[in-house]
């Protein structure tokens, strides 16, 4: 796509506090937040939007996957 002037960037989010998460019990939400190394909370939708805008604004960034997961690494099953 670069040959056509098209940049590609991907954000790989971890646990994000969304309306879907609101359906979970406080116990489940707290348990999920505790798995995030730093900070010990889910990401906020605004943080995802902020990162998306930064990726768009950065015209030298291309062909990247950016993890937005608070260093969370899910264990294999």
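In my numbering, the protein residues as written are 2 to 78. The beta-carbon is built from N, C-alpha and C at its ideal position, and this holds for glycine as well. Model, not experiment: these values are computed from the prediction.
Between the options, which lies nearest to residue i when the distance is taken from Cα to Cα?
i	options	result
residue 17	2, 5, 40	40
residue 8	31, 63, 51, 73	63
residue 49	76, 77, 19, 78	19
Take residue i and list the residues in its own chain whose beta-carbon comes closer than 6 Å to its own, dropping the five residues that flank it on each side.
i	result
residue 65	10
residue 68	13
Within a Cβ cutoff of 7 Å, which residues of the same chain sit near residue i, ignoring the five residues on either side of it in sequence?
i	result
residue 2	9
Taking residue i and residue j to be in contact with their CB atoms under 8 Å, please state how far apart those CB atoms are, rounded to whole angstroms.
i	j	result
residue 43	residue 22	7 Å
residue 15	residue 73	5 Å
Please list, in chain order, all residues of the same chain as residue i whose beta carbon is under 8 Å from its beta carbon, the five residues on each side excluded.
i	result
residue 36	16, 73
residue 60	8
Could you name each continuous alpha helix (DSSP H) segment of 4 residues or more that falls completely within the region 16-42, going from the start of the chain to the end?
20-23, 27-35
Runs of 3 residues minimum, wholly inside the region 40-72: which ones carry the beta strand (DSSP E) assignment?
65-69
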